[in-house]
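Colleague: Can you read through this structure? Questions will come right after.
Number of protein chains: 2
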Amino acid sequence: MSAQENLDGGSVGLPRAYLRPCLLLLLLEGGSHGYELLEQVRALGLVGADAGGLYRTLRAMERDGLVSSWWEPSQSGPARRTYELTDAGTGDLDQSMKALAETRRLLGEVLARYDWLALRRETR
Amino acid sequence: MSAQENLDGGSVGLPRAYLRPCLLLLLLEGGSHGYELLEQVRALGLVGADAGGLYRTLRAMERDGLVSSWWEPSQSGPARRTYELTDAGTGDLDQSMKALAETRRLLGEVLARYDWLALRRETR
DNA sequence: GTCTGTATGTGTAGAGTACACCTATCGCTC
DNA sequence: GAGCGATAGGTGTACTCTACACATACAGAC
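The listed protein sequences correspond, in order, to chains U and E. Following numbering that gives the first Met the number 0, the numbering of the first sequence begins with 0 at its first residue and continues without gaps. Following numbering that gives the first Met the number 0, the numbering of the second sequence begins with 0 at its first residue and continues without gaps.
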């Protein structure tokens, strides 16, 4: 099961604005362009990632100074806007990852509490 | 550090609609009212949880059939609206927890990938 | 009476998400 | 050379969730 697929009523899922740190992480691994990043974030767990939203997010991150971009012609296909991480972007990534680690820890606590109760429910 | 406190620019944090599964979990442990649940979700990690939003969420969950409520007088203070989990709510909780477990797993993968890169950055 | 703590709400702006839709380039086939 | 699929980048818009402010009411202490 993917964390996005439960759209039936609740839509509990991935962290808020999770796309941003994912993009920053992928750009830390090396410069890339939107279309490629789309496939990469999908491989990273954001299986239903919205293309339009991704392009908008990249432009917003550039406005915020986290990434910089330039046009690059392609050998086979339309030109690409290539993105690169800035120093501010690296700093933001570091902070985001700390926040996500904390989120993961809290999730672990809640899930443990649930598992304990669910077990008692079964064996009642 | 709490996952909500990094409001400086990014605001990467807890999962979308995380309040709902937290409330359902707490109600699985026993019926309760809004004010008490507010303190409990704050203890659960949602340190800056918004009171207004919590009451709205509870009413929305009741509209969705996940909880039921009734007024109960208090010995010391205003009357309370006491909430209880319905069968549908228990089912929703089970599904949400599966989604959150998957979220936690994905977070682990992303964090591991970041840690590996961060380590290489340090030792370069 | 007024102040603090308990208890439940509403109003509203903004951020993030979901889904639909559009444009353009290139290589390939018919 | 027309049409097609893959590549590539984008806009429009409605909706949900969140954040912060604010309003109301009851009880007990002073």
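From the three backbone atoms N, C-alpha and C, an ideal C-beta is built for every residue, glycine too. Just so you know, these numbers come straight off a predicted model, no measurement behind them.
(1) By how many angstroms is the C-alpha of alanine 78 (chain U) removed from the C-alpha of leucine 106 (chain E)?
(2) Measure from the alpha carbon of serine 67 (chain U) to the alpha carbon of each residue in U:Val109, U:Gly12, U:Thr85, then state which is nearest.
(3) Along chain E, which residues have their Cβ under 9 Å away from the Cβ of leucine 24 (chain U)?
(4) In the DSSP output, what is tryptophan 115 (chain E) paired with across the bridge?
(5) Under the three-state reduction of DSSP, which class applies to arginine 120 (chain U): helix, strand or coil?
(6) Which of the three DSSP states is assigned to serine 95 (chain U) in this structure?
(7) Can you give the Cα-Cα distance for glycine 29 (chain E) and glycine 64 (chain U), rounded to whole angstroms?
(8) Please look up how many angstroms separate the CB atoms of leucine 37 (chain U) and alanine 16 (chain U), rounded, as I've assumed it's under 8 Å.
(9) Against chain U, which members of the stretch 40-51 of chain E pass a CB distance test of less than 8 Å?
(10) For the stretch 39-48 of chain E against the stretch 102-122 of chain U, do three or more pairs of beta-carbon atoms, one drawn from each stretch, fall closer than 8 Å, so that the two count as touching?
(11) Arginine 58 (chain E) versus chain U: which residues are under 7 Å apart at the beta carbon?
(12) Report the three-state DSSP secondary structure of threonine 89 (chain U) (helix, strand or coil).
(13) Relative to the C-alpha of glutamate 61 (chain U), which residue among U:Pro72, U:His32, U:Gly76 is closest?
(14) With a cut-off of 7 Å, does the C-beta of leucine 27 (chain E) fall near any C-beta of chain U?
(15) Given that threonine 102 (chain U) touches chain E, what residues does it touch there, using C-beta distances under 7 Å?
(16) For threonine 102 (chain U), collect the residues of the same chain with a Cβ closer than 8 Å to its Cβ; drop the 5 residues on either side in sequence, then sort them by chain order.
(17) Can you list, in chain order, the stretches of the beta strand (DSSP E) that have 3 or more residues and sit fully within the stretch 31-93 of chain E?
(18) Tell me which same chain residues have a C-beta within less than 7 Å of the C-beta of leucine 92 (chain E), skipping the five on either side of it?
(19) Do valine 11 (chain E) and alanine 117 (chain U) have their beta-carbon atoms positioned less than 7 Å apart in this structure?
Modeller: So, to answer that:
(1) 33 Å
(2) U:Thr85
(3) Val109, Arg112, Tyr113, Leu116
(4) Answer by DSSP bridge pairing: none, since tryptophan 115 (chain E) is not bridged.
(5) helix
(6) helix
(7) Those two C-alpha atoms are separated by around 48 Å.
(8) Incorrect: roughly 17 Å between the Cβ atoms, too far for contact.
(9) For chain U, the residues of the stretch 40-51 of chain E that bring a beta carbon within less than 8 Å of one of its beta carbons are Leu43, Gly44, in chain order.
(10) yes
(11) Against arginine 58 (chain E), chain U offers no close residue; the least beta-carbon distance is about 16 Å (beta-carbon pairs closer than 7 Å).
(12) helix
(13) U:His32
(14) True, the Cβ-Cβ gap to chain U drops below 7 Å.
(15) Ala2, Gly12, Leu13, Leu106
(16) Within the same chain, threonine 102 (chain U) has close Cβ partners Pro14.
(17) 66-71, 79-84
(18) Cβ neighbours of leucine 92 (chain E) beyond the five flanking positions: Pro20, Leu23, Leu24, Leu27.
(19) no
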